[in-house]
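Visitor:
Protein chains in written order, with this note's numbering: chain A, 183 to 494; chain B, -16 to 251.
Here it is as structure tokens:
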């Protein structure tokens, strides 16, 4: 297993809620995750950025305990939690770690109202008892995510827009009063004009509730907007990580540079006749970035880059 | 023939609902020139896809074209018989839709899907279709030896390239692309769109490019139209719409996109 600098941000002292140390996950011959190490700290947002298939969702599923690593250690509040514990331990873990999924249209039950979606976790986790307390709890949750309680609580999911549904999803996750929120591409199915509102909401609840936020995306621009720290992944490996300012401001890995250069930029129109060059370049970057490598260089304070491996 | 390739005049489209109708597109007019890349921007539900469906006459009930003209090469598409319209679709106007990756038939080899289209529209034999399919695969950069593969054997980006290749095989004059890369990551998105730009330059077709991403649109298009609640609120040259937007909504749309700091945006 790779010995990786496991503290992503030594400068921040808050004890991590969740730590991954050298997490590996393979599906048959496919190495989906290779030596993932990270820490989620209260009040901090960490972004996991990479193309589809790079392993970011597998990583989220492991953190949410919907999947298990083949090797490596997962710690929760400083204690080993790699393997399923007793019923009580599992409940505590799941209460502390909540997820918001990509598809706001598929993640709410179409036959239940918004009230039901929020009242159920409140009641199950004992945060509210009795009709009046539940109604009050639901109203508070909705107001907290920027929805009008009187107008929303009685509605069914199909009566809401995509952005509103995603807000309900976030409220549902918050109902459990978690310590960690894992948001897997929460805005990629929403309009550009709605995205910013959801990102601002995530940033606000992180601050107000002192949540540890793991934000997963293929859009490095939104990652830079939300997170204090960024991990760039490629082919199951962390290729570059550190503080957002360092990674975005001074990208060192060729894949990070490629990713940044491909973010739509109105000031840089596509040049006709350039496609062969760009495609060749992108393919070369992928080829060079794919091989496993255990050499990690600290290129600056809170900024790490993996050296390129040897192509097989 | 001279003059614009496509002229949309006072187009209105309704969705019939329980009580009356909801007007999704309100008196929209715009032109697309020959070899022009025209972009239509706006948020979901603003009517941009409805326009795409109206142009190809694929709008199905409860959608109803309530008025206007769609002149393609001077001919009103709304007045064509269904049989005549079928000749226009694909042969003259190609379409790449949002979920185009899923618009390939999962049970057919890719080569057969080329043949299906080419036989129907051009009366090609299997050998002719194969030759054309090979040429198209080369054009969009997919290895020719994969023509016998099934759609699920390709990545999302490759499938989108194949759809574009099938579309180009009939040499259409206009290609409508409705959010063609929204489901793909930024690197693949740029790869595909740079290819589209190069193909457009060499083959000379026009493009109606529909997306909600103004940044992307202005990297690609010559002119841009911005839609809000069924109305075209601003049309202009890409420079004007991006640097001096006239409409309040266009300004808001620009401001809603998180942007990277300038130094991170160096070209590669």
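Each residue gets a CB set at the ideal place from its N, CA and C atoms; glycine is no exception.
Compare the C-beta of residue 16 (chain B) with all C-beta atoms of chain A and state if any pair is closer than 9 Å.
Guide: Numbered from 1 along the second chain, position 33 holds the residue referred to as residue 16 (chain B). By this cut-off, residue 16 (chain B) is not an interface position.
Visitor: Residue 192 (chain A) CB to nearest chain B CB: under 9 Å?
Guide: As a working mapping, residue 192 (chain A) is identified with position 10 in the first chain. Its pLDDT being 43, under 50, residue 192 (chain A) is placed unreliably by the model, and the measurement read from it follows with that caveat. Not one chain B Cβ lies under 9 Å of residue 192 (chain A).
Visitor: For residue 76 (chain B), which residues from the same chain have a beta carbon less than 8 Å from its beta carbon, with the 5 sequence-adjacent residues on both sides left out?
Guide: By one-based count along the second chain, residue 76 (chain B) stands at place 93. Closer than 8 Å at the Cβ level, and outside the excluded window around residue 76 (chain B), lie 38, 39, 55, 155, 156, 157, 158, 159.
Visitor: What is the DSSP secondary structure of residue 243 (chain B), counted as helix, strand or coil?
Guide: Residue numbering aside, residue 243 (chain B) sits at position 260 when the second chain is read from its first letter. Coil at residue 243 (chain B), not helix or strand.
Visitor: Hey, quick one: how far does the alpha helix (DSSP H) through residue 374 (chain A) stretch, first residue to last?
Guide: Working through the first chain from its first residue, we reach residue 374 (chain A) at position 192. It spans 374 to 391 - the alpha helix (DSSP H) in which residue 374 (chain A) sits, taken as one unbroken run.
Visitor: Within this structure, are the beta carbons of residue 17 (chain B) and residue 185 (chain B) separated by less than 9 Å?
Guide: Numbered from its first residue, the second chain carries residue 17 (chain B) at position 34. Numbered from its first residue, the second chain carries residue 185 (chain B) at position 202. It is not a contact, given that the beta carbons lie outside the stated cut-off.
Visitor: Going along the stretch 417 to 447 of chain A in order, which residues come within less than 8 Å of chain B, judged by CB to CB distance?
Guide: Listed by position, the residues of the stretch 417 to 447 of chain A near chain B (Cβ gap below 8 Å) are 430, 431, 433, 439, 440, 441, 442, 443, 444, 445, 446, 447.
Visitor: Could you check where the beta strand (DSSP E) with residue 32 (chain B) kicks off and where it finishes?
Guide: As a position in the second chain, residue 32 (chain B) is number 49, starting the count at 1. Per DSSP, residue 32 (chain B) belongs to no beta strand (DSSP E); it is in the alpha helix (DSSP H), 31 to 38.
Visitor: So residue 252 (chain B) and residue 407 (chain A) are supposed to be a Cβ contact under 8 Å. How far apart are they, rounded?
Guide: Lying before the first or after the last residue shown, residue 252 (chain B) is absent from chain B, which here runs from -16 to 251.
Visitor: Looking at the unbroken alpha helix (DSSP H) that takes in residue 192 (chain B), where does it start and where does it end?
Guide: In the second chain, residue 192 (chain B) corresponds to position 209, counting from 1. That residue, residue 192 (chain B), is in no alpha helix (DSSP H); its beta strand (DSSP E) goes 189 to 194.
Visitor: Check distances from the C-beta atoms of the stretch 233 to 246 of chain B to those of chain A and list, in chain order, the residues that come in under 7 Å.
Guide: Residues passing the 7 Å Cβ filter: 236, 239, 240, 241, 242, 243, 244, 246.
Visitor: Does any CB atom of chain A fall closer than 9 Å to the CB of residue 220 (chain B)?
Guide: Here the question's residue 220 (chain B) lines up with position 237 in the second chain. For residue 220 (chain B), the answer is no, since every Cβ of chain A falls outside 9 Å of its Cβ.
Visitor: Can you pull the chain A residues whose beta carbon is under 8 Å from the beta carbon of residue 139 (chain B), in chain order?
Guide: As a first step, residue 139 (chain B) must be located in the second chain, where it is residue number 156. 234, listed in chain order.
Visitor: Select from A:410, A:223, A:351 the residue whose C-alpha is nearest the C-alpha of residue 260 (chain A).
Guide: Here residue 260 (chain A) refers to the residue found at position 78 when the first chain is read from its first residue. Checking every option, the nearest Cα to that of residue 260 (chain A) belongs to A:223.
Visitor: Return the first residue and the last residue of the beta strand (DSSP E) that residue 201 (chain A) is part of.
Guide: Numbered from 1 along the first chain, position 19 holds the residue referred to as residue 201 (chain A). Here the beta strand (DSSP E) through residue 201 (chain A) covers 200 to 209.
Visitor: Determine whether the Cβ of residue 461 (chain A) lies closer than 9 Å to any Cβ atom of chain B.
Guide: Taking the first residue of the first chain as 1, we reach residue 461 (chain A) at position 279. Chain B, which has a Cβ nearer than 9 Å to the Cβ of residue 461 (chain A), makes this yes.
Visitor: Please list the partners that residue 378 (chain A) has in chain B, where partner means a Cβ-to-Cβ separation under 9 Å.
Guide: Walking along the first chain from the start, residue 378 (chain A) turns up at place 196. Correct list: 238, 239, 240, 241.
Visitor: Look up residue 265 (chain A) in the DSSP assignment and give the residues it is bridged to.
Guide: Sequence index remark: in the first chain, residue 265 (chain A) carries index 83 (1-based). Bridge partners of residue 265 (chain A): none, in fact.
Visitor: For the stretch 374 to 383 of chain A and the stretch 305 to 324 of chain A, state whether three or more C-beta atom pairs, one from each stretch, are separated by less than 8 Å.
Guide: The stretch 374 to 383 of chain A, when compared against the stretch 305 to 324 of chain A, does not touch it at the 8 Å Cβ threshold.
Visitor: Under a CB-based cut-off of 9 Å, is residue 456 (chain A) close to chain B?
Guide: Within the first chain, the letter at position 274 stands for residue 456 (chain A). Residue 456 (chain A) counts as touching chain B.
Visitor: Alpha carbon to alpha carbon, how far is residue 51 (chain B) from residue 175 (chain B)? Give it in angstroms, no decimals.
Guide: By one-based count along the second chain, residue 175 (chain B) stands at place 192. By one-based count along the second chain, residue 51 (chain B) stands at place 68. Each residue's Cα considered, the two are about 34 Å apart.
Visitor: Ends of the beta strand (DSSP E) at residue 217 (chain B)?
Guide: By 1-based counting over the second chain, the position of residue 217 (chain B) is 234. Its beta strand (DSSP E) spans residues 214 to 220.
Visitor: Can you tell me where the alpha helix (DSSP H) holding residue 477 (chain A) begins and where it ends?
Guide: For the purposes of this step, residue 477 (chain A) is identified with residue 295 of the first chain, where counting begins at 1. Taken as a continuous stretch (DSSP letters only), residue 477 (chain A) belongs to no alpha helix (DSSP H), as it is neither H nor E.
Visitor: Within the present structure, is the beta-carbon of residue 229 (chain B) separated from the nearest heavy atom of the ligand NAP by less than 8 Å?
Guide: In the structure on display, the ligand NAP does not appear, and there are no ligands present to speak of.
Visitor: If we ignore side chains and look at the alpha-carbon of each, how far apart do residue 207 (chain A) and residue 252 (chain A) end up?
Guide: Against the first chain, residue 207 (chain A) aligns to sequence position 25. Against the first chain, residue 252 (chain A) aligns to sequence position 70. So the alpha carbons of these two residues sit roughly 5 Å apart.
Visitor: Tell me whether residue 469 (chain A) is buried or exposed, calling it buried when 16 or more other Cβ atoms sit within 10 Å of its Cβ.
Guide: Locating residue 469 (chain A) in the first chain gives position 287, where the first residue counts as 1. When all chains shown are included, residue 469 (chain A) counts as exposed.
Visitor: Restricting to runs no shorter than 3 residues, where is the beta strand (DSSP E) found entirely within the stretch 136 to 214 of chain B?
Guide: As far as the stretch 136 to 214 of chain B is concerned, its whole beta strand (DSSP E) runs of at least 3 residues are 157 to 161, 189 to 194, 206 to 211.
Visitor: Please say whether residue 136 (chain B) and residue 129 (chain B) have beta carbons closer to each other than 9 Å?
Guide: Taking the second chain and counting its residues from 1, one reaches residue 129 (chain B) at position 146. Taking the second chain and counting its residues from 1, one reaches residue 136 (chain B) at position 153. Going by C-beta atoms, residue 129 (chain B) is nearer than 9 Å to residue 136 (chain B).
Visitor: Within its chain, find whatever has a CB closer than 7 Å to the CB of residue 348 (chain A); leave out the 5 residues flanking it on each side and keep chain order.
Guide: The sequence position of residue 348 (chain A) within the first chain is 166, counting from 1. Only 286, 368, 372, 380 meet the Cβ criterion.
Visitor: Between residue 202 (chain A) and residue 220 (chain A), which are expected to be in contact by the criterion C-beta below 8 Å, what is the C-beta distance as a whole number of angstroms?
Guide: By 1-based counting over the first chain, the position of residue 202 (chain A) is 20. By 1-based counting over the first chain, the position of residue 220 (chain A) is 38. The Cβ separation is near 5 Å, so the contact holds.
Visitor: Looking at chain A, which residues of the stretch 71 to 99 of chain B have a Cβ within less than 8 Å of any of its Cβ atoms?
Guide: Residues passing the 8 Å Cβ filter: none.
Visitor: Which whole-angstrom value describes the C-beta separation of residue 281 (chain A) and residue 364 (chain A), a residue pair presumed to lie in contact below a C-beta threshold of 8 Å?
Guide: Counting from 1 along the first chain, the entry for residue 281 (chain A) is found at position 99. Counting from 1 along the first chain, the entry for residue 364 (chain A) is found at position 182. Yes, residue 281 (chain A) and residue 364 (chain A) are in contact; Cβ-Cβ is about 5 Å, under 8 Å.
Visitor: Determine the direct distance from the alpha carbon of residue 141 (chain B) to that of residue 464 (chain A), and round the result to whole angstroms.
Guide: Within the first chain, the letter at position 282 stands for residue 464 (chain A). Within the second chain, the letter at position 158 stands for residue 141 (chain B). About 14 Å.
Visitor: Between residue 95 (chain B) and residue 178 (chain B), what straight-line distance do the alpha-carbon atoms span, to the nearest angstrom?
Guide: Sequence index remark: in the second chain, residue 95 (chain B) carries index 112 (1-based). Sequence index remark: in the second chain, residue 178 (chain B) carries index 195 (1-based). Distance between the alpha carbons of residue 95 (chain B) and residue 178 (chain B): 24 Å.
Visitor: Listing by chain order, which chain B residues have their CB less than 8 Å from the CB of residue 375 (chain A)?
Guide: Here residue 375 (chain A) corresponds to residue number 193 of the first chain, with the count starting at 1. Chain B residues near residue 375 (chain A): 26, 195, 235, 236, 239.
Visitor: Is the number of C-beta pairs between the stretch 199 to 206 of chain B and the stretch 417 to 434 of chain A that are closer than 8 Å three or more?
Guide: Output reads no: the stretch 417 to 434 of chain A does not touch the stretch 199 to 206 of chain B.
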